[in-house]
Amino acid sequence: MLKTIFAMSFLLFLSLTLSGQKDTANRPVEILEISSDADSAFAQARELAYSKEYDASRKILDLLIYQSPTNYYQYKLFKARTLVWDGKHAPARSIIEELILEDTSVIDIYQIRLNNERYDKDFPLAIRYANDGIKRFPTNNEFFYVGKVQSLVAENRYHEGLDAATLALDRFPENNELKQLKTFLLNQLIVDGLAVGVSMDYFSKIYKPWLFGFLQYGRQTKIGAIIGRVNVADRQRDAAVGFAEPSAFAPLGVQGELDVFPRLSKNSYMYLNVGYSPSAIFPSFRFGAEYYSMIGNTKLEGSLGIRYLDFLTNIVTMYTGSLGYYWDSEYINFRPFFINDAYGWGSTYNFLYRQFFSGKGDFIQVTFGGGVVPDERVLLLNNGLVEQNYRLDNQYVGIGYQKLVNQKFYSRLDLTITRQENFSQQNDYLYITSLGLILGYRL
């Protein structure tokens, strides 16, 4: 037996040496020495696999399988692992099927089978195999629960994933991977259910406080998040402002909106918005679209989009885009707007810094920016029509905090202070303090 192992080792050494000599013009010949002891050789094969030298590892495993016709199960098992890690899913599948036919009681091969389909991105089959493992090994199925939740997440089946993670954590409350998956799912499902928001703009002069509120219902679906929203506003003003008589201006208004965030791929999605209002203080029609995508293999996210506001008497078109960067649990973003209406062009520049805690729905942020733009408040007060080409200088800074209180409830608080040029008096500025609160409940 020992002589045979030595002979096979020599043949393997020769095979590897010859394969290495095909490229000797630019690199040295690679020599692999194999131990004559089966246990040592198996350890060597594992070490090579862990170093991602899968072909060399499998050559040793093939030798061990050849020399152990009655005791080769562990070698074939590990060979299947190397094929899964190496992305060779079809040959891995063949070995897995052989081993299951030989012995249906070995949990390791069922775990490898699940991972093989998950890494091959056949998530429906991976979910099926996870369910089989959960039933087949009722006292030792933690691995299969984790694989099932991971596969449901990959399929964007977030609601089923959350249910599965919650059930699994009832059985395995200390499993950190399940905890992280559940937290991720709660953050992804933050748009689910009802949310109500209120905000107030307090002006240092000219205007009375403006009030704004909304009620929305959202749902995370397979295609992406869908949110329906009803906005209401009370935008009183003093008669001294001008442009229109108080009797011609209805300060109360209502608007309906629909937001859709369809997923296009793993790294890209769209933002679509449409809205309608019969009220003078909102655009009669609005539309928005923006394409978001990660840039290559970097942590940069870019977007390009447009916003369209139809005030009947004036149409405002805003061209925008953004560039964001993720690192660790932090995110920065730059977004310009280039705004065109009947009176010309304006622009504004906006910056955001966000620190995440448990996930993307749990954060604190700082925003700031400024520019020279057609003032939205003037447009809204006068149904999009101003008598002159107003381009008002403004700067703002804000802070916001959103918290996942529990798996059903979240809250958000925003404070923004704006310094804006006074359109009714040259070289004069007014200050606007905006305070907003949002409460959300997942149904």
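Just so we're aligned, residue -10 is where the sequence shown starts under the numbering used here, counting upward by one.
Cβ atoms here follow ideal geometry from the backbone N, Cα and C, with glycine treated the same way.
Values in this document were obtained by computation on a predicted structure and should not be read as measured data.
Using CA atoms only, rank isn't needed, just tell me which of the options is closest to residue i.
{"i": "residue 94", "options": "62, 195 and 71", "result": "62"}
{"i": "residue 120", "options": "219, 109, 141 and 110", "result": "141"}
{"i": "residue 394", "options": "252, 305, 431 and 384", "result": "431"}
{"i": "residue 313", "options": "281, 135 and 35", "result": "281"}
{"i": "residue 31", "options": "328, 40, 43 and 50", "result": "50"}
{"i": "residue 241", "options": "40, 221, 34 and 254", "result": "221"}
{"i": "residue 208", "options": "197, 196, 178 and 224", "result": "178"}
{"i": "residue 289", "options": "315, 268 and 38", "result": "315"}
{"i": "residue 284", "options": "182, 292 and 277", "result": "292"}
{"i": "residue 154", "options": "164, 163, 145 and 138", "result": "138"}
{"i": "residue 279", "options": "40, 249, 82 and 159", "result": "249"}
{"i": "residue 433", "options": "317, 324 and 259", "result": "Only positions -10 to 432 of the chain appear in the structure, and residue 433 is not among them; the question remains open."}
{"i": "residue 434", "options": "107, 214, 324 and 183", "result": "This structure cannot settle anything about residue 434, because the visible part of the chain is limited to -10 through 432."}
{"i": "residue 246", "options": "273, 294, 306 and 91", "result": "273"}
{"i": "residue 255", "options": "145, 180 and 204", "result": "145"}
{"i": "residue 329", "options": "295, 319, 311 and 356", "result": "295"}
What does residue i pair with, by DSSP beta-bridge criteria?
{"i": "residue 316", "result": "319"}
{"i": "residue 279", "result": "260 and 294"}
{"i": "residue 150", "result": "In DSSP, residue 150 forms no bridge with anything."}
{"i": "residue 219", "result": "204 and 245"}
{"i": "residue 88", "result": "Answer by DSSP bridge pairing: none, since residue 88 is not bridged."}
{"i": "residue 419", "result": "409"}
{"i": "residue 355", "result": "342 and 388"}
{"i": "residue 435", "result": "Residue 435 lies beyond the stretch modelled for the chain, which goes from -10 to 432, so this question has no answer here."}
{"i": "residue 361", "result": "336 and 382"}
Decide if residue i is buried, meaning its Cβ has at least 16 other Cβ atoms within 10 Å, or exposed.
{"i": "residue 421", "result": "buried"}
{"i": "residue 298", "result": "buried"}
{"i": "residue 59", "result": "exposed"}
{"i": "residue 262", "result": "buried"}
{"i": "residue 129", "result": "exposed"}
{"i": "residue 0", "result": "Only weak support exists for where residue 0 lies, its pLDDT of 45 falling under 50; the value from the coordinates is given anyway. Answer is exposed; the Cβ neighbour count stays below 16."}
{"i": "residue 185", "result": "exposed"}
{"i": "residue 338", "result": "exposed"}
{"i": "residue 16", "result": "Its pLDDT being 45, under 50, residue 16 is placed unreliably by the model, and nothing is read from it."}
{"i": "residue 79", "result": "exposed"}
{"i": "residue 171", "result": "buried"}
{"i": "residue 159", "result": "exposed"}
{"i": "residue 169", "result": "exposed"}
For residue i, which residues in the same chain have their Cβ closer than 6 Å to its Cβ, ignoring the five residues on either side in sequence?
{"i": "residue 187", "result": "202 and 426"}
{"i": "residue 435", "result": "Beyond the ends of the chain as shown, which are -10 and 432, falls residue 435; an answer cannot be given."}
{"i": "residue 99", "result": "122"}
{"i": "residue 229", "result": "For residue 229, the pLDDT reaches just 48, beneath the cut-off of 50, and the residue's location in the model is therefore unreliable, leaving the point undetermined."}
{"i": "residue 224", "result": "199, 240 and 270"}
{"i": "residue 327", "result": "308 and 336"}
{"i": "residue 384", "result": "359 and 408"}
{"i": "residue 131", "result": "161"}
{"i": "residue 251", "result": "212, 213 and 259"}
Among the residues of its own chain, which have a CB less than 7 Å from the CB of residue i, if the five just before and after it don't count?
{"i": "residue 234", "result": "Interpretation of residue 234 is limited by its pLDDT of 42, a score under 50 that renders its predicted location unreliable; no figure is taken from the coordinates."}
{"i": "residue 103", "result": "115, 118, 119, 122, 133 and 136"}
{"i": "residue 419", "result": "192, 193, 194, 195, 409 and 411"}
{"i": "residue 352", "result": "343, 344, 345, 346 and 391"}
{"i": "residue 147", "result": "174, 177, 178 and 209"}
{"i": "residue 414", "result": "none"}
First and last residue of the alpha helix (DSSP H) that includes residue i?
{"i": "residue 431", "result": "From DSSP, residue 431 is part of no alpha helix (DSSP H); its letter is neither H nor E."}
{"i": "residue 106", "result": "96 to 108"}
{"i": "residue 339", "result": "Residue 339 -> not in any alpha helix (DSSP H); beta strand (DSSP E) instead, spanning 333 to 348."}
{"i": "residue 303", "result": "Careful: residue 303 lies outside any alpha helix (DSSP H) and carries neither H nor E."}
{"i": "residue 71", "result": "62 to 74"}
Can you tell me where the beta strand (DSSP E) holding residue i begins and where it ends?
{"i": "residue 392", "result": "381 to 393"}
{"i": "residue 407", "result": "398 to 410"}
{"i": "residue 185", "result": "182 to 192"}
By Cβ distance below 8 Å, which residues in the same chain neighbour residue i in space, the five residues on each side in sequence not counted?
{"i": "residue 57", "result": "27 and 64"}
{"i": "residue 173", "result": "142 and 348"}
{"i": "residue 321", "result": "313, 314, 340, 341, 342 and 343"}
{"i": "residue 11", "result": "Reliability fails at residue 11, whose pLDDT of 42 lies under 50, so the model's placement of it is uncertain and no value is given."}
{"i": "residue 71", "result": "38, 43, 46, 47 and 50"}
{"i": "residue 101", "result": "66, 69, 70, 73, 81 and 85"}
{"i": "residue 331", "result": "303 and 304"}
{"i": "residue 416", "result": "none"}
{"i": "residue 180", "result": "207, 208, 209, 214 and 216"}
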